[in-house]
Amino acid sequence: AFVFKFVFLFSPHTDSFRWVKDGKEFRRELFESGTLTAEVKEELRSYQGSYRCYVANELGTAVSDLAHLITEPIPTLAKEKRQKTRSFEEGESAVLYCNPPKSSVTPKIHWMDIQLRHIPLNERVTTSLDGNLYFANLIVNDSREDYTCNAHYISASVILPKERISISVTPSNSVVKNRRPQLQKPAGSHSSYLVLRGQTLTLECIPEGLPTPEVQWERMDSPLSPERVRMLKYKRWLQIESVSEADDGEYTCTAQNSQGSVKHHYSVTVEAAPYWTRRPEDHLYAPGETVRLDCQAEGIPTPNITWSINGVPIAGTDSDSRRHVSSGTLILTDVQYSDTAVYQCEATNKHGNILVNTRVHVVGEHHLIQSPSAICMCSLHAGERLGTLSLQCEYGFVFKNEWIIFNSGPALANAKMSQTSDGNLQISDVSEDDSNMYTCSVRHSNRSISAELQVLNRTKIVDPPQDLRVLRGDDAVLQCKYTVDHKLKQPTIQWKKDKHKITSSANDDKYSEYTDGSLKITDVQMEDSGIYSCEISTKLDSVSATGSITVQDKPGSPHSLGLSEKKDRSVTLSWMPGAENNSPVSEYVIERKEEQNPEKGRWEEYRRVPQDIRHLEIHLQPYSTYHFRVRAVNGIGMSEPSPPSDSYSTPAAKPDMNPENVTTVSTDSNSMVITWQELEQRQFNGPGFKYKIYWRQASGSSPHWKESSASNPPFIVNGTGTFIPFEIKVQAVNELGVGPEPDAEIGYSGEDLPLEAPSEVAVTELNKTTVLVRWSPVSMESVRGHLLGYKIHLRKKGPRTHSRKSLLMQEPAADRNRVIVVHGNKVEMVVSDLQFYSNYTLTVAPFNSKGEGPHSKAYHFSTPEGAPGPVSFLTFESPSETEMTLRWGAPNKPNGVLTGYLLHEQLMESINLPLDTEFTLKGLNPQIQYHFMLRALTAAGDGEPIEIEGATLLDGEPPSAINIEAGQTSVNVSWVPGERRRNFAFSFRYLKKRGESLTNFDLLFLNPGGLKHKSEKVNSSQAFYQLQGLTPGVQYHLKIHPGNNSWVFKTAGPELHELPSSFATQGWFIGLISAMVLLLLVMLILCYIKKSKGGKYSGNAQSTSHNFLEKSMYKKPSVV
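Per the numbering used here: the sequence shown ends with 1779, consecutive numbering throughout.
Laid out in structure tokens, this is it:
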């Protein structure tokens, strides 16, 4: 729905309203007020059109401007097919299309990923006015599957996410080729734009190319004014707000990179909808006067001006010789009261129309004088005065010859007050004391009118804007806190940037104004730097203050790179600095790239130089092609790189160096593997690069070098024998020659397993768990390689006692078998951490890089008995308040033959125990906490103790305090078990009101108070129990048995009220009926027995009858 409102300011006495739609009267039944509201039951589409409101009273008819209503459905997305992944090669350009649903209001476009994070925009990636996403060139990191265009329709409060777009960027198999710029938008070399005065003009220039092109704007007929022009989207947009006729002209965009440039020309034509340059004013006129109404408007094209009276065009009214129209001037001569009306001046051209209402009021003698001005302002600061104040009193035309005075009692007697010849009252040096009621009256008449003078506080800015330095991309907040007299309405706050008004808009979140006067600028850019002022205006005064924003950013990229003094091994690079962006440059970073070296085919930092250096000699490698670029660094960060320099290639030369770390890594016997550290490709210095390998026996009959060549390591020499020393060297070679003479290194052919085993192995005991192992070394010839050392293989055969063989199986293999590595030529080793009372076997073997040689003869030895380890566990139980039974397990490591156990307690003597694993202590004090220590014993000594604390348990008892949480049909009962109490069995008994049903409950016994029920047996250690099968809304009494404590609880749910008391519900009546039914039942049974037995009552029959009655009346109770 929508609402149109028309406010008529001429008179509070409005008689009628009427609306005209598309030139025809519209819905007379809706003319009750100046508000036109759409009917809910009608389609909004029928209301689309142009509206004008006419409002009339006794003084005439006023006409509103045309209001255009556009109706359309809320934008929706048509069903789309998921697009296939688009594949690109690195360096190509690309466009991702958005194509949002059409609407009369252009949506705001946001490109985001699936996590609703904005796609980063920069000079390479940007958006256009049509919402598409443009890539000047693609990099591999642009690959993703979730490019999403989100169209935000602000008026409809709708955000429509389009189908995700997936692109895949593959690295180029060759060097990415640079290309000169081309324009992705706009197309062609020239475009024309028509913009209306006051609108915002945006010219866009989105190029593609590699490297990423830079964009420059210029105006052909005059320089671009930085105060009028804003550069947005990394200079891809040129924007002019509030366009004027002076912005008409020719503009040019130039996109350039190292490969070339492209231009686009824009012809901007500025036209204008009509706007007023002079408006007629409302006046009161006396009969017989001549009225001249001047109405002047401008526009492009020139608007046509027409006049209407009370909404009726003058051309359509009766001709009147007193009325003359000349262009924008309407002259009325010898006006009469009948000429009182509202006159409309309307200016129209193809871009729109404007209309102004002017009231001409011809008055009679009965009209009163007009009211004096009623409000003034001054400051209330001590000693400060406003100056002179003049109160005017305008009188009606019928009193032209009368004198008008101000009369306020003794006012004219005040030296500060004086009356002027035209009837005004002047008050000099105005202060708060002058606030009063003043009366203007006509001499020799009883006509007068009063006005109140109020002296108010002057508006002040108490927290003016500051001079801010802000990083580009951050938000900036300028304060403008003010005070205004509380009697005045909320003031008007106007912010300006460089003297141009700033207007916040719901469609543009760039500027946000707050009620406290502050201004927030979102995502500040370099063009946001400037002088900002805030002006606080009331109907009486205004005050302003200024501040500034200096936007700082990383410096602009250096440019104009040049190469000079080109030599075989060096070149001089020069450059020009870019913009400092309000933060001085501290240094420059020179980067270079070598195209002939795939490993170095990327930009790498070469050197940093101070900011005062603009050229640098760079040393180069032969046979390479170089590109250079420069970055600038300031206090904010590092700039984007400059466009690359021209390429520079150095001539080839013979190698300058040979490879390092020449060695052998032979693994097979009878061969030698020679390897080395390869040179980087940039060190090849020329084509046809390879390595020349030389080798000869270090001690042999042949002094001559053998040689071969290879393009890379390793190099294998066969037929060398096992572990033979060789002299080896490697030299770099290319088509222009060889490198320097290399130094020879010693290398060896492949090793083989050792042939000999160590002899004379002996073991010496150092302590009960540590031994010293010695052996005789093997001969070096038998090693057949570099002797790396010896390995001692130690194997635990088990404990010395046969009764503990099972312990051996429980040990991990790592504990039974150990290998101790002895590096180098050592012939002895200390072996520790042996187990007590165990049998061991050890062997020793040499080893080299090929593996182990033969083992020595096995050597057997045993370790002596030791003190045992701790028992495996220790627990206790308390069968009574004076007894405690300890239980334990034998030690996992007995370390010998166990002889018994030793039990110790602080309050009693130590007790020697046999090999049993259980012992009961009697006659203990229930009030004492005992601390026990238990040790295992062997002949070698006492083992490690294991400790435990505890006390005997007291007799159990039912809980004395419980917590009750009632539900509708159940109740949860919880309690805290008694400390040191043995388990105790008890039950819950509970009673509900008399008259409740016995369903699901067992009858315990009857009494006048109601029915009792009991639970199953409950253990005191449970701490929780739930009673089930209860009746909602019923009160219960709960008791623990055995015990005397009782509680009351009520189940949740609606309460069941008893029926009103009557004899049918009385206990005696129920008992009587029950007895009668029971008697009747007995008689029927006796009759049946008599008939079946021939009238004889035997004892068996009586017993049967009795048992039957007994079973009928008493049933086994159920457990609740």
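Glycine included, C-beta positions come from ideal geometry on N, C-alpha and C.
- request: Return helix, strand or coil for S1382, following the three-state DSSP convention.
  value: Locating residue 1382 in the sequence shown gives position 723, where the first residue counts as 1. In the sequence on display, residue 1382 carries Phe and not Ser. Looking at F1382 - three-state DSSP - the assignment turns out to be coil, as it is neither helix nor strand.
- prompt: Which whole runs of the alpha helix (DSSP H) in the region 1113-1180 are 4 residues long or more, in chain order?
  reply: none
message: L862 and L897 - do their beta-carbons sit closer together than 7 Å?
response: For the purposes of this step, residue 897 is taken as residue 238 along the sequence shown, with counting starting at 1. For the purposes of this step, residue 862 is taken as residue 203 along the sequence shown, with counting starting at 1. Cβ distance < 7 Å, so L897 and L862 count as in contact.
- prompt: Nearest-angstrom Cα distance between L1768 and W1727?
  reply: For the purposes of this step, residue 1768 is identified with residue 1109 of the sequence shown, where counting begins at 1. For the purposes of this step, residue 1727 is identified with residue 1068 of the sequence shown, where counting begins at 1. With a pLDDT of 31 at L1768, under the threshold of 50, the modelled position of this residue cannot be trusted; read the value that follows with caution. Their backbone Cα atoms lie some 22 Å apart in a straight line.
Beta-carbon spacing of V722, Y710 below 7 Å: Your numbering for residue 722 matches position 63 in the sequence shown. Your numbering for residue 710 matches position 51 in the sequence shown. Their beta carbons are not under 7 Å apart, which means V722 does not touch Y710 by this criterion.
message: Assuming E1675 is part of the beta strand (DSSP E), what are its boundary residues?
response: On the sequence shown, position 1016 is the one that residue 1675 refers to. Counting along the chain, E1675 falls outside any beta strand (DSSP E), and DSSP gives it neither H nor E.
query: For K894, which residues from the same chain have a beta carbon less than 6 Å from its beta carbon, with the 5 sequence-adjacent residues on both sides left out?
result: The residue you call residue 894 lines up with position 235 of the sequence shown. Once the five neighbours on either side are set aside, the close Cβ partners of K894 are V874.
- request: Buried or exposed for S884, please, with buried defined as at least 16 other CB atoms from any protein chain shown within 10 angstroms of its CB.
  value: Residue 884 sits at position 225 when you count from the first residue of the sequence shown. The residue in question, S884, is exposed, as its Cβ has fewer than 16 Cβ neighbours within 10 Å.
- prompt: Does the region 932-950 come close enough to the region 985-997 that 3 or more CB-CB pairs lie under 8 Å?
  reply: yes
- request: Check whether the Cβ atoms of F1385 and G1406 sit closer than 7 Å, and answer yes or no.
  value: Counting from one through the sequence shown, the residue named residue 1385 turns up at place 726. Counting from one through the sequence shown, the residue named residue 1406 turns up at place 747. Yes, the Cβ-Cβ distance between F1385 and G1406 is below 7 Å.
field: Alpha-carbon spacing of S1633 relative to Y1496, whole angstroms
entry: What you label residue 1633 is simply residue 974 of the sequence shown in a count that begins at 1. What you label residue 1496 is simply residue 837 of the sequence shown in a count that begins at 1. The straight-line gap from Cα to Cα measures roughly 56 Å.
message: Using the Cβ count rule (16 or more neighbours within 10 Å means buried), how would you classify K1213?
response: On the sequence shown, residue 1213 is found 554 positions in, with the first residue counted as 1. Burial call: buried.
message: I'd like to confirm the pairing. Which residues does DSSP put opposite S1705 in its beta bridges?
response: Here residue 1705 is taken as the residue at index 1046 of the sequence shown, counted from 1. In DSSP, S1705 forms a bridge with K1698.
- prompt: Whose C-beta lies closer than 6 Å to the C-beta of F1535 among residues of the same chain, with five residues either side of it excluded?
  reply: By 1-based counting over the sequence shown, the position of residue 1535 is 876. These residues qualify, in order along the chain: M1543, L1545, G1609.
query: Using 8 Å as the Cβ pair cut-off and three pairs as the minimum, do the region 1616-1632 and the region 1677-1692 touch?
result: yes
message: How far does the beta strand (DSSP E) with V1376 in it extend, from its first residue to its last?
response: Residue numbering aside, residue 1376 sits at position 717 when the sequence shown is read from its first letter. It spans 1374-1377 - the beta strand (DSSP E) in which V1376 sits, taken as one unbroken run.
- prompt: Which residues in the same chain as S675 place their Cβ atom closer than 6 Å to its Cβ, once the five residues preceding and following it in sequence are excluded?
  reply: Position 16 of the sequence shown, counted from the start, is the residue given in the question as residue 675. Cβ neighbours of S675 beyond the five flanking positions: A715.
query: Counting Cβ pairs closer than 8 Å, one from the region 734-752 and one from the region 772-785, do we hit at least three?
result: no
task: Grab the span of the beta strand (DSSP E) containing S1441 for me, first residue to last.
output: Residue numbering aside, residue 1441 sits at position 782 when the sequence shown is read from its first letter. Unbroken run through S1441 is the alpha helix (DSSP H), 1439-1442; no beta strand (DSSP E).
field: Ordered list of beta strand (DSSP E) runs contained in the region 1221-1250, each at least 3 residues
entry: 1229-1235
Among T1690, S1537, L1593, the one whose alpha carbon lies nearest that of A1549: As a first step, residue 1549 must be located in the sequence shown, where it is residue number 890. Closest by alpha carbon: L1593.
message: Mapping the DSSP letters down to three states, classify M1185 as helix, strand or coil.
response: Here the question's residue 1185 lines up with position 526 in the sequence shown. Looking at M1185 - three-state DSSP - the assignment turns out to be helix.
Euclidean distance between Cα positions of E702 and P766: Here residue 702 refers to the residue found at position 43 when the sequence shown is read from its first residue. Here residue 766 refers to the residue found at position 107 when the sequence shown is read from its first residue. Near 24 Å, if we compare the C-alpha coordinates of P766 and E702.
- prompt: From V1422, R803, Y1173, pick the residue whose C-alpha is nearest to that of Y1141; which is it?
  reply: Position 482 of the sequence shown holds residue 1141. Per the Cα distances, Y1173.
message: Does V1635 pass the burial test, meaning 16 or more other C-beta atoms within 10 Å, or should it be called exposed?
response: Position 976 of the sequence shown, counted from the first residue, corresponds to residue 1635. V1635 comes out exposed.
- prompt: Does DSSP put R1266 in a helix, a strand or coil?
  reply: Walking along the sequence shown from the start, residue 1266 turns up at place 607. DSSP places R1266 in strand when its eight states are reduced to three.
- prompt: Would you call K1009 buried or exposed, if buried means 16 or more other Cβ atoms sit within 10 Å of its Cβ?
  reply: If you number the sequence shown from 1, residue 1009 lands on position 350. With fewer than 16 other Cβ atoms within 10 Å, it is exposed.
Secondary structure of W1634, DSSP reduced to three states: Here residue 1634 is taken as the residue at index 975 of the sequence shown, counted from 1. In the structure shown, W1634 sits in coil (DSSP, three-state: anything other than H, G, I, E or B).
message: Just to confirm before moving on: does the CB-CB distance between T744 and S825 stay below 7 Å?
response: Taking the first residue of the sequence shown as 1, we reach residue 744 at position 85. Taking the first residue of the sequence shown as 1, we reach residue 825 at position 166. Cβ atoms of T744 and S825: closer than 7 Å.
task: Throw me the rounded Cβ distance for the P870 and S920 pair, which I believe falls under 8 Å.
output: Translated into the one-based positions of the sequence shown, residue 870 becomes position 211. Translated into the one-based positions of the sequence shown, residue 920 becomes position 261. So it is not a contact: roughly 13 Å between Cβ atoms.
- prompt: V1490 and I1479 look like a contact to me (Cβ under 8 Å); what is the Cβ gap, rounded to whole Å?
  reply: Your numbering for residue 1490 matches position 831 in the sequence shown. Your numbering for residue 1479 matches position 820 in the sequence shown. Indeed, because the Cβ distance is near 6 Å, the residues count as touching under 8 Å.
message: Taking 8 Å as the cut-off, does the region 1279-1289 touch the region 1344-1355 (at least 3 CB pairs, one atom from each stretch)?
response: yes
query: With contact counted as at least three CB pairs below 8 Å, one residue from each stretch, are the region 1285-1302 and the region 1315-1335 in contact?
result: no
Where G1042 sits in the DSSP three-state scheme: As a working note, residue 1042 is residue 383 in the sequence shown. Any reading at G1042 needs caution, since the residue's pLDDT is 33, under 50, leaving its predicted position unreliable; the model's value is listed next. In this structure, G1042 counts as coil in the three-state DSSP scheme.
Neighbourhood of Y806 by C-beta distance below 8 Å, restricted to the same chain and skipping five residues each side: Here the question's residue 806 lines up with position 147 in the sequence shown. Taken in chain order, the residues that qualify are L755, W770, D772, I778, L792, R823, I824, S825, I826.
query: Relative to the alpha-carbon of V1677, which residue among P872, L1596, S1646 has its alpha-carbon at the smallest distance?
result: The count along the sequence shown starts at 1 and reaches residue 1677 at position 1018. Checking every option, the nearest Cα to that of V1677 belongs to S1646.
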